[in-house]
Amino acid sequence: QVQLVESGGGLVQPGGSLRLSCAASTNIRSIDVMGWYRQAPGKERELVATIARFGFSGNYADSVKGRFAISRDYAVNTVYLQMTSLKPEDTAVYYCNAKANDFNYWGQGTQVTVSS
């Protein structure tokens, strides 16, 4: 069982930045893939970024390439999503995801609102 706790969401103006954090209850070296997804009102949940266990770089949705960056800190078992040049269409609930041993784990989500 992996528990994930997100933090860092909030209200930001267009063009601003936010950093989301996802703290895992287990050693993230044991997790095959960690990632961020988002769900906007009335839309399906979509992938934002993922990073494999021993990967050096992340995989990104086209809509966020060049603006978002996923990273991790093994020392504190935390994955981050650095978001820059935010747009109103980035507004959504952002969810942390962990895939381990054929199981999918989700955090509770954190709201990101981009508005002036």
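One point on numbering: in the working numbering, the residue at position 72 of the sequence shown is 651, and numbering is uninterrupted.
Backbone N, C-alpha and C define an ideal beta-carbon position, used for all residues, glycine too.
CB of residue i within 8 Å of CB of residue j, strictly
i: Q618; j: A671; result: yes
i: K532; j: I607; result: The displayed coordinates of the chain run from 580 to 695. Any statement about residue 532 would go beyond what the structure contains.
i: G688; j: E623; result: no
i: Y674; j: V691; result: no
i: Y616; j: N676; result: yes
i: A603; j: L583; result: yes
Strand pairing of residue i, partner residues [DSSP]
i: T629; result: G614 and N638
i: Q661; result: R598 and A648
i: K678; result: V612 and N683
i: Y673; result: R617 and T689
Pairwise C-alpha distance: residue j and residue i
i: T663; j: G588; result: 13 Å
i: G637; j: Q580; result: 24 Å
i: Y653; j: G686; result: 18 Å
i: G614; j: S694; result: 25 Å
i: K666; j: G621; result: 18 Å
i: T605; j: Y684; result: 12 Å
i: V655; j: G594; result: 29 Å
i: F633; j: N680; result: 16 Å
Mind the definition here: the stretch 646-659 touches the stretch 592-603 only if three or more C-beta pairs lie below 8 Å; say whether that holds.
-> yes
Segment contact flag, the stretch 611-631 with the stretch 641-653, C-beta cutoff 8 Å, min 3 pairs | yes
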